[in-house]
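In the numbering used here, the protein residues as written are 1 to 242. Note that CB positions come from ideal geometry on N, CA and C, so glycine has one too. Predicted model only: the values in this text are computed from it and were never measured.
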């Protein structure tokens, strides 16, 4: 009798604590909104930035407000960081145009509509739909192979090779979100040949520019720069939400 009672007690306190946390978050958000409406932007920004770290909040709304605040305060690297976060959550052309205009005015690179950036944005937007389509194709292939096996029809070698390639593609596609990410540089930083502070410097990048990340080793982010794989310190970047 004691174990079910203890489980119910733990569940009760868990729900109670969660509801108290939600109420506290709402109270803090209301305070930030009040400061924002009073145009006390610096004070509002400090609270919004704390709230932004919580994955359970409406990041779309907070990102847009922080982008607006930092643009008004003249902190364009931060403004474009939060605007890019908003764009990732709400990928509309007018948001991209605003972001691109800000990047051009401040000479930030990495925001243009390149083939790579376009492909990555599409990937982020339609990842789940593409994944379902790929899985559906895989199920269809398995049904065909199963039917051939039942009817004792020989499976050609090239068909088995295609199945193996499909499996490799599926594994890569599923794991790609863990390796691909984008970031905004938060201070002048240096690219290095290898993931080490003792590695030779092969280039530099200024605050506000955007980079695409394709992996990580300890604190070092793997970046494609000038068609070469280089490394940059994670602490020199603001990682964007994907």
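- Taken atom to atom, the span from the alpha-carbon of residue 167 to that of residue 221 is near 27 angstroms.
- The three-state reading of DSSP puts residue 38 in coil, since its state is none of H, G, I, E or B.
- Counting along the chain, no alpha helix (DSSP H) covers residue 184; the unbroken beta strand (DSSP E) around it starts and ends at 181-185.
- The criterion of a C-beta distance shorter than 7 angstroms is not satisfied by residue 63 and residue 41.
- Listed in chain order, the beta strand (DSSP E) elements of length 3 or more contained wholly in the region 151-230 are 181-185, 189-192, 201-205, 210-217, 220-225.
- In this structure, the alpha-carbon of residue 47 lies about 8 angstroms from that of residue 29.
- The three-state reading of DSSP puts residue 66 in helix, counting H, G and I together.
- Inter-segment contact for the region 208-220 and the region 91-111 is present: three or more beta-carbon pairs are separated by less than 8 angstroms.
- Contact between residue 83 and residue 59 fails: their C-beta atoms lie close to 13 angstroms from each other, not under 8 angstroms.
- Within the model, the alpha-carbon separation for residue 173 versus residue 190 is close to 30 angstroms.
- Sequence-distant partners of residue 170 (beyond 5 residues in either direction) whose C-beta falls short of 7 angstroms from its own C-beta, in its chain, are 134, 138.
- CA-CA distance, residue 71 to residue 79, rounds to 5 angstroms.
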